[in-house]
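In the working numbering, the protein residues as written are 413 to 491. Quick reminder that beta carbons are idealized off the backbone N, C-alpha and C, glycines included. Here the structure is a predicted model, which means the values were calculated and not measured.
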Amino acid sequence: MRFRHPVTIHLEGQDICVDGVVPALDILTEAWPQQRGPRHRDALDTCLKVVDGHRSTIDAETRFREAAEEAGILVSPHR
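Take a look at the structure:
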């Protein structure tokens with residue numbers, strides 16, 4: 413359940429490379445910023461469905477990236 417392309421986010425003063433569904437779930441549930449929008453909910457739901465075998469890892473990667481962008485924690489690869 414690894415992402416094709418790891419997603420780098422910035423949390424608590426450090427860059428974190430998220431490379432799969434399990435680490436994404438950990439961050440979405442334990443370390444996500446307090447401000448949680450609809451994309452966070454979508455990412456969490458999609459990751460849980462991947463674990464249950466009902467969605468693809470690509471879907472989870474996309475939703476996690478969108479949630480990170482919405483939260484303002486996505487690290488641009490061009491910075």
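Return helix, strand or coil for residue i, following the three-state DSSP convention.
| i | result |
| --- | --- |
| D471 | helix |
| H452 | helix |
| D464 | coil |
Determine the direct distance from the alpha carbon of residue j to that of residue i, and round the result to whole angstroms.
| i | j | result |
| --- | --- | --- |
| A479 | E473 | 10 Å |
| Q426 | G465 | 32 Å |
| L456 | D431 | 15 Å |
| M413 | L423 | 23 Å |
What are the residues that DSSP puts in a beta bridge with residue i?
| i | result |
| --- | --- |
| H422 | D427 |
| R414 | G432 |
| L437 | Note: L437 sits in no beta bridge, so no partner. |
| L486 | I421 |
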